Structure formats: C-alpha cells, structure tokens
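Reading through the structure tokens given below for one structure.
Protein chains in written order, with my numbering: chain A, 620 to 1119; chain B, 2 to 110.
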C-alpha cells in the first residue's frame, strides 16, 4: 500500500496542531514551519501526480479495513491534479501573506491555513461519501476562522452569514447521505457506482432525490446560481489573501460534482439519467451571466474579483454539464486556469486596496506604485476575461469546441458574457489607474513588500507556463477525462469485498 | 412508530427553516440547531427502525444497523462544534457592531 496517499491529509494536520501547541505567539517560527510544510506538500503532490500517471488509480485503506467497510482514500489522476493545484496556490498565498503582513493581523493564521489544506486535500482524495462530508466540515471550519481573520465588525457579520449558509448546506448533505445509505446500504463511492445500476425500480425516486440534493450541496460550495448569494459578501469581505486561497475552495464544488456525475450518477444510470446535466446547464449559463453582470456593476475591486470567481464557476460547470470526455477535459483545463486567475485577481485587488485611500471604484484616489500594480491588473484582467494570449482563452476555446453540437445556444452566451467581463474589467482598470483626479503625491505611501509582489508575479508566471505548455497539459487532461468517464479502474482499485 | 418519527422530523425541520429565515442572529442559530436535530434523526432512520435489537450480529434475529449510529455520532459532534463557532462569531459581531441583525445593509442598522 502506498502510504504517501494519506500524506496530504496527515502532514498539514500534524503541522497545524504542532504550531498551535508549541509556537503560540512566535510568528517567525510559524512562518518557517508553515512554509516548510507547504514546500513538502508541493513535493508530495508532484510525487503523487507522477504515481497516478504511471500506475493508474490506487486506493489507501485506513486501518487496513477492506472497502466498503472501512474508509478508503483513492488517488487517481484527477485527485492528484487537484492536490497539486492546491499545494501550489497554498504556496503562493502563504508567501503573499508573509510578504504583506496579513498573517500578523490576528492569531493563528498559519495553523488555520494548514487545517484548510488538510480539509481540501482530504476532500480531493477521499473515496467515501461520508468522509467527503467530514472533510467538507474540516475545510469549512478552518475557512470560518480565516474568513474573519483580522477582525472588524463588518467582516465578522459577513462571516456569520457565510457560516449559516454553509450549516444549511451541511444539513442538506447529511439528508442526501442518509437517503443514499437508505437505498444502497453503502457510502463508499466505488461501491455506490457498482451497486446503483442494479437498484430496484421502487427506490429510483428516493435515489433521484438524493442525487439532486447532493448536487445542490456541491452547487452551494461551487457558488452555482441560485445558491451563489453567499459568495460576493464572503469573498469581498474576507482578507484579500484568504479570498485568493478560497479560489481553490469553490473548485472543491466543481471537483465533487465532476466526481459524482462521472462515477456515481453517470448519464447511463437508469434512475437518474440526464437529470443532473438537465439542470446543471441552465444554472451554469445563469451563473455565467450573473458573474459577468456583477463584474460590470461592481462598486469595489474585491466585489469585482468575487463576481469574477462566480463567472469562472459558471464556465467550469458549463463544461461539466456536457458530460462527454472532450468537455470534461476542457473543464479540467479551465479549472486549472481559473483557479490561478481568480487567485491572481484577488491578490491584485488586495495590492490595490492597500495602495489607495478607500475601496470604491472611482476616479478620486490615486494608486501608489501605479505602473507596477496596473501591469499586474492588466494581466489578471486578461486572464479572467479569457482573452488571448493567456490560458483563459485556450480554456474557453476548448469549452466552445466541446459544445459545438449546440453552438447556437451556448456560444453566444459564452461570448457575450466574456465581452461584458472585458467591458467591466476595462472600466475598473481605467477608473483606477488612468483617471485619478487627485495628483499622485496624495497617494497612500507605497508599502515596501517585495515578497508579496514576487508571489503575485509567480502566480502570473504559472499562468504563462500553463499557456505555453497547453499542448502537453491538454494531452494529459484528455487521458484524465477518459479515465473519469470509464471508471472501471477506479472501482477496481478499491478491491471491493463481495458481501454475501 | 414510523409515522411518529416522520412527523417529529417534519416538525423540527419546519421550525428550523422558519427560524433560519429570521432577521436576527439568535433565532437563526436556534433554527440551525433545530435543523441539525431533524437531520440527525433522519440520518438515524437510514438504517431502518428496529426495536429491542443490539447492533451486534448474532444477539438477535434482526440486529440493528450500526453504521447510521456511528454516522449520527459524527454528525452530532460536528454540528455541536459548528454551533459553538457561529455562536462565538455572533456574540463577537453583536459586541462590535452594537446590533445583531444578520443582513449586511449598514444604513438601516
């Protein structure tokens, strides 16, 4: 058994607990420990990526209890890719937090971040539906702490809304799990996939209810309309660096949806059939529209970034809703790109916020270090809107190509929303950087933070690298999508015991 | 017994949803608590209702299903922790802002 599979869960858990117990109040030590753990996590993630590519899906049985009786973690190409993406975004945000001094504005930033990594990494790796719920709760409870990091009445009250919304989501998740267990007697995802096709006719209605509730929960996490209301308030009020880290948290919703619609509820399952794509598609289109309009109408830069996150989820869910290997591959590429792009725009919005007198998007207040920050904003805007030459363009092109069969309905929606996003981003950029009515001398003094700027540029460099390596990456993603849509190897990796 | 349990779950959910939709944080937290009671009971019934049966194979003809009991235990612990977190945040928000409205509309506060 490959014990490295559980490392992305165990390592952050131990480091977080160790930091809380021994480094309370020692920020420098915490920074070193946190960075060391995240660098190690990156190395492990690269190793897992190689292992999943070379050996195919592999299961890890906790306590060596055979599936489906024990909990199993399953490493396949998709989960390895998501863990690697998580590790990279975590590295960038930690560097940025250290460079900008965000981690000094409240206690326990680094332990909370490690617990968040544990929750997100576990959610990507687990092969058990109830364990997925547990890891969701781990990542949520860490995100509650991070969301209100730095304090302030408005941030705390936005946090209460966020927690309340997610507690309702958790209740829905538990109801869905109870229904699934009630009709099948198992919660192991591979076992569910093996058992559901032979489900008695009478239980089909219950299964449909469970499937819809499950997707609703993932839609809450992924901010799919009409369940996106929590996102703008939460992300716009969270510290900028935390919002950048949350860019990967919304992708957990997309990941879980992708996992369930390919493994547990595929379109050839008689009980659910095309039920899930039938309502994912319109929801994704409306999400995209709301994201684009939100960018156009945003009054502050953090809100603009939050709506950019919503629009990116709309695009990703649009690709998932096609339910074909080609579209899934496009969705994976877009998830890779949009996680980096959303994180970048949140970092840029934080850079701007700390170089200006106030947050409103208007011409009154100039930005210190105008040229440098403006260049970063331009790059982030190009990435978010999906313009050439960055990888967002390639991602959207792949999605449009996958939807060629319904080009008349889908293409105008995607293209029009991209145009609106471009318009909104250009408007924000010209207001902020071109038209300050006060002279530049009145700008806030520019904070000296080379590490924070380096982190933002490293993120941009990764987007450029993704663009340059688009050929090999899409080739690898095609293989990943093909194995997702033919989950026989994933199920076989669990070595399911035959229950008499 | 099924009818009794079903109506109790329904009643708890109704109360929970009504309170969750209120405008102040305290009723919302109470509503979330009621909702979690309803969900925990519902989760418990996923293993079917059995009377006078231990969850151990061999002790009775039809043993109770042990797994939902373990699931409920996990769910109770998690919802307890979450309630504590939102309670602390609500108190903090109330003390900092001077009111406990749940919406973010500052002008009407």
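Where is the CB? At the ideal position from N, CA and C, for every residue including glycine. A quick note: this is a predicted structure, and the numbers were derived from the prediction, not measured.
Classification of residue 878(A) by the beta-carbon crowding that lies within 10 angstroms, buried from 16 upward: With 16 or more Cβ atoms within 10 Å of its Cβ, residue 878(A) is classed as buried.
Three-state secondary structure assigned by DSSP to residue 1141(A): Given a span of 620 to 1119 for chain A in the structure shown, any question on residue 1141(A) remains unanswerable.
Collapsed DSSP secondary structure at residue 678(A) in the structure displayed: strand
Sub-8 Å separation of residue 960(A) and residue 933(A) beta-carbons: no
Residue 846(A) at chain B interface by Cβ criterion, 8 Å: No, no contact with chain B.
Residue-level contact to chain B via CB, residue 780(A), 8 Å cutoff: yes
Limits of the unbroken alpha helix (DSSP H) element including residue 68(B): From DSSP, the alpha helix (DSSP H) with residue 68(B) extends over 67-98.
Per-residue DSSP class, three states only, for residue 634(A): helix
Residue-level contact to chain B via CB, residue 871(A), 8 Å cutoff: no
Coarse secondary structure for residue 919(A), derived from DSSP in three states: strand
Selection from 944(A), 898(A), 1047(A), 758(A) that minimises the alpha carbon distance to residue 870(A): 758(A)
Nearest-angstrom Cα separation, counted from residue 82(B) out to residue 1112(A): Spanning the two alpha carbons is a distance of roughly 35 Å.
Any chain A beta carbon closer than 8 Å to residue 90(B): Chain A contact via Cβ: present.
Identity of the residue in 773(A), 811(A), 756(A) nearest residue 793(A) by Cα: 756(A)
DSSP-derived helix/strand/coil call for residue 807(A): Residue 807(A) falls in the strand class under three-state DSSP.
Neighbour flag for residue 2(B) against chain A, beta carbons, 8 Å: no
Residue-level contact to chain A via CB, residue 43(B), 8 Å cutoff: yes
Min CB distance residue 793(A) to chain B below 8 Å: yes
Strand pairing of residue 747(A), partner residues [DSSP]: 807(A)
Beta carbon of residue 1150(A) nearer than 8 Å to that of residue 1105(A): Given that chain A is displayed from residue 620 to residue 1119, the structure contains no residue 1150(A) and the question cannot be resolved.
Residues that residue 26(B) contacts on chain A, provided the C-beta gap is smaller than 7 Å: 779
Beta carbon proximity, residue 97(B) to chain A, threshold 8 Å: yes
Inter-stretch contact (C-beta, 8 Å, three-pair minimum) for the segment 928-943 of chain A and the segment 908-919 of chain A: Because the criterion of three Cβ pairs below 8 Å is met, the segment 928-943 of chain A and the segment 908-919 of chain A touch.
Test item: CB-CB of residue 650(A) and residue 722(A) under 8 Å: yes
Supposed close pair residue 845(A), residue 744(A) - CB separation, criterion 8 Å: Not confirmed; about 30 Å, so no contact.
Backbone secondary structure at residue 692(A) - three-state DSSP: Reduced to three states, the DSSP call for residue 692(A) is strand.
CB-CB length for residue 94(B) against residue 776(A), believed under 8 Å: At roughly 5 Å, the Cβ-Cβ gap stays under 8 Å, so residue 94(B) and residue 776(A) are in contact.
Euclidean distance between Cα positions of residue 66(B) and residue 883(A): 23 Å
Chain B contacts made by the segment 738-765 of chain A, where a contact means CB separation under 7 Å: 749, 753, 756, 760, 763
Where residue 59(B) meets chain A, residues with beta-carbon distance less than 8 Å: The contacting residues do not exist; residue 59(B) stays about 15 Å from chain A at best.
For residue 962(A), the nearest candidate out of 675(A), 709(A), 654(A) (CA to CA): Out of 675(A), 709(A), 654(A), 709(A) has the C-alpha closest to the C-alpha of residue 962(A).
Contacts that residue 72(B) makes with chain A (C-beta to C-beta distance below 7 Å): 749
8 Å Cβ cutoff, residue 76(B) in contact with chain A: yes
Alpha carbon of residue 861(A) to alpha carbon of residue 765(A), nearest angstrom: 7 Å
Residue interval of the alpha helix (DSSP H) (run including residue 1097(A)): 1089-1104
Three or more C-beta pairs below 8 Å linking the segment 770-784 of chain A and the segment 638-658 of chain A: no
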